[in-house]
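Here the sequence shown is numbered in the numbering used here, starting from 1495 and rising by one per residue. The beta carbon of each residue, even a glycine, is placed where N, CA and C say it ideally should be. Quick notes on the structure that follows.
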Amino acid sequence: MINAVIDRANNILSGYILIVILIVCGLYFTVRTRFAQFRLLRKQIRSVSEKPKDGKSVSSFQALMVSTASRVGTGNIIGVSTALCLGGFGSVFWMWVIAIIGGASAFVESTLAQIYKRKGQDGWYGGPAYYIETALKSRGLAVLFSVLLVLTYGVGFNMLASYNLQSTFSSYSFYNPAVSPWVIGLLLAALVGYCLFGGGKRIAKITSVLVPVMGLAYILVALFIVLCNITALPAILGRIFSEAFDFRAIFGGFSGSCLMYGIKRGLFSNEAGVGSAPNASASAEVSHPVKQGLVQILSVFLDTLLVCSATAFMCMCSGVEPTEALSGALYVQKSLQAVLGDFGPMFITVSMILFAFTTLLGNLYYVDQSVFFMLKRKPGKALLSAYYCIASLLIFVGAGLNADLLWGIADITMAAMAIINIPVIIILGKYALRALGDYEKKAKTGDEITFKATDIDLPHEVDAWK
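Below, the structure written as structure tokens:
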């Protein structure tokens, strides 16, 4: 009965309400920023290379890698496979569309996180909880958002990522269902605990190394498979577009159509507008808040247009036809085995391990910021150690459980995060848009691109930009 209630609530929230508000928000900010996703692509790339003046603070690149670490996860493999098997090739097109639209929402929420960020002994910090508290004067709503984030990323998604990671070994002969999950979970919890006790900067440094290496290797293998089957590419592209615009099939069964699966895969992969990535964006040391907003557009594109597309084309070029029976990791494994032989499943196993591990680190960085906010940045050493131990314990427990119920609950809490964050960024979006105008004006005149709160007539007291 509990599962039935959770599934029903999840279908309503995630299948309809969340999709509508995220798409409307994305389109609104796409128009208001005058398609900044395309216009400012060169500046997005330039902004990534900016380094902090003191040489010690979190760089723009490191903040990008933390947010990308959370976005790029096992869903980029299993989620895309499921979309292809249940929604067809046309789902890839709608996945691309949603990523492009979502880039505008990611820009606004991350720019706001930079504007309202605060200074602490360990550097800059911020996120939705801080701009809700500072600009809307509602600590209660900010605390509610923080609680939802902890439940979503610290409990549900992290336990699921741990389960997914250990399950990749289930096809190997040494795997013992009664023992192996707990052994793997223990090792994973110990590694994550080491990163946690090192603080946010250690997480930023580790993900800034792992994420580029992981993503580049994955994309190169995908490119190799596509090149090996280059003659099939025109037919595949034709099928993507023909199925994407087969409106008779779409509206004949909307909930299971390529449109629905493509939209859901894009939305839940890049998380634009949900309010998670701004927690990482606020930590960067930049000369203008818009620069980090532009960097977060890149994070959305890296996640969906590169990594998700890599999975899709690896599968579509393999010649293995997607069916409902193959939905999930099985379709990816069979696709790679058809092209690469025994190396294929082994490569997917390694990819799943790296993707899941970096997802855990990225998620816990967000949880870190939310816990610190609720405790007013004064958690105390004993309390902080207890939190880190609990976070590691949840990862250990998750490895040995089937977390279907937790997955459903986490989906609901993430939808609730977005339902809070989206109206907030629409209300406060005018300040991000003013900052964009200020940035473009200074870039056009050749002036040094710096920023002060008075440049946009910001009526709120902030730690930065004085």
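CB of residue i within 8 Å of CB of residue j, strictly
i	j	result
G1892	L1796	no
A1885	L1690	yes
C1519	L1820	no
Q1608	S1775	yes
S1599	G1756	no
H1954	A1623	no
V1768	A1876	no
V1801	Y1712	yes
A1683	L1887	yes
W1811	I1719	The residue asked about is misnamed: residue 1811 is Cys in this sequence, not Trp. Yes, the Cβ-Cβ distance between C1811 and I1719 is below 8 Å.
K1613	A1947	no
I1889	G1679	yes
S1640	M1868	yes
P1783	A1929	yes
C1722	V1833	yes
A1926	L1642	no
L1788	K1545	no
L1714	M1846	no
Reduced DSSP secondary structure (H/G/I, E/B, other) of residue i
i	result
Y1859	helix
G1617	strand
R1528	coil
Assigned exposure category for residue i - 16 Cβ within 10 Å defines buried
i	result
F1837	exposed
D1905	buried
I1852	For the sequence presented, residue 1852 should be read as Thr rather than Ile. With 16 or more other Cβ atoms within 10 Å, it is buried.
Y1510	exposed
Y1961	This structure leaves residue 1961 out entirely; the chain is present only between 1495 and 1960.
T1805	buried
S1879	exposed
A1498	exposed
P1728	exposed
F1807	buried
G1732	exposed
S1736	exposed
K1611	buried
S1664	exposed
G1902	buried
L1848	buried
I1914	buried
T1939	exposed
G1835	exposed
Y1688	exposed
For residue j and residue i, the rounded distance between their alpha carbons
i	j	result
A1655	I1500	20 Å
A1738	I1515	22 Å
L1535	M1495	49 Å
G1617	A1672	44 Å
A1937	I1943	7 Å
F1841	I1921	45 Å
D1740	K1828	28 Å
L1753	Y1657	29 Å
V1649	P1816	32 Å
G1931	R1526	11 Å
L1830	P1839	7 Å
F1866	L1858	12 Å
Y1669	S1661	9 Å
S1674	G1894	9 Å
P1706	D1941	33 Å
Y1882	E1934	42 Å
A1503	N1570	24 Å
G1597	E1818	31 Å
Q1531	K1631	31 Å
D1951	F1529	24 Å
Y1625	G1923	11 Å
S1781	R1533	21 Å
Spatial neighbours of residue i in its chain, beta-carbon cut-off 6 Å, leaving aside the 5 residues before and after
i	result
L1854	N1652, A1655 and V1686
E1627	R1633 and A1636
I1916	I1515, C1519 and G1767
L1512	A1909 and A1912
V1814	K1828, S1829 and A1832
I1730	M1810
Close beta carbons around residue i, own chain, < 7 Å, minus the five adjacent residues each side
i	result
G1621	A1607, P1772, N1773, A1776 and Q1863
I1734	F1583, G1584, V1586 and F1587
I1595	I1517, G1520, L1521 and T1524
D1949	D1932
Below-8 Å beta-carbon distance, residue i vs any chain B residue
i	result
E1765	No chain B appears in the structure shown, which is made up of a single protein chain.
Contacts around residue i, its chain only, beta-carbon distance under 8 Å, and the 5 residues preceding and following it disregarded
i	result
I1539	L1792
L1638	I1914
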